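In UniProt numbering, the protein residues as written are 1 to 136.
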Amino acid sequence: MDKNAHSLIARPLAQASHLIGLCAPSQVRVLGPHEKLDPASDWIIGIKPFSDGASLHDGHWERHPVGDEVLCLLDGEVRVLLRPQRRGEEAPVLELSAGQMLVVPRGCWHRLEAVQPGRLMFITPARGSEHEKVQP
């Protein structure tokens, strides 16, 4: 066994303050608070507690051109807004309740609004995410 493997299992870690990076070949990297993403990571898994829209960055659209994103709502309720393809169209809105999940397709601009406080698990590509401020 790799001597670094023991550091992963030596102590429990707080879900809300750590991210998991999935790397090839079948390796896991644990990232603590404020640690930079390991360039070898292909995917990031994290759990985000939220209490309001600001904790979900509801003022920004995001997309992941490199791959799909999986959103798993553990507790609470969120609204997922998908940015319309054309100006003037209304943004499609999806309601996500505790125990539900959603796959946001690669390249799809989206943002989240908190309806009820809770926790969101996300599985997202480690690189290439883009963000844009919501325009009034």
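Where a beta carbon is used, it is the ideal one built from N, C-alpha and C, also for glycine. From a predicted model like this one, the values you see are computed outputs, not experimental measurements.
- Counting other Cβ atoms within 10 Å of its Cβ, Val104 reaches 16 or more and is therefore classed as buried.
- A residue is called buried when at least 16 other Cβ atoms come within 10 angstroms of its Cβ; His60 does not meet this threshold and is exposed.
- 9 angstroms or more divides the Cβ of Gly76 from the Cβ of Leu31.
- For His60, the enclosing beta strand (DSSP E) covers residues 60-63.
- Within the same chain, and ignoring the five residues on either side of Pro125 in sequence, the residues whose Cβ sits closer than 6 angstroms to its Cβ are His64, Val66, Gly67.
- Under the three-state reduction of DSSP output, Leu13 falls in the coil class, being neither helix nor strand.
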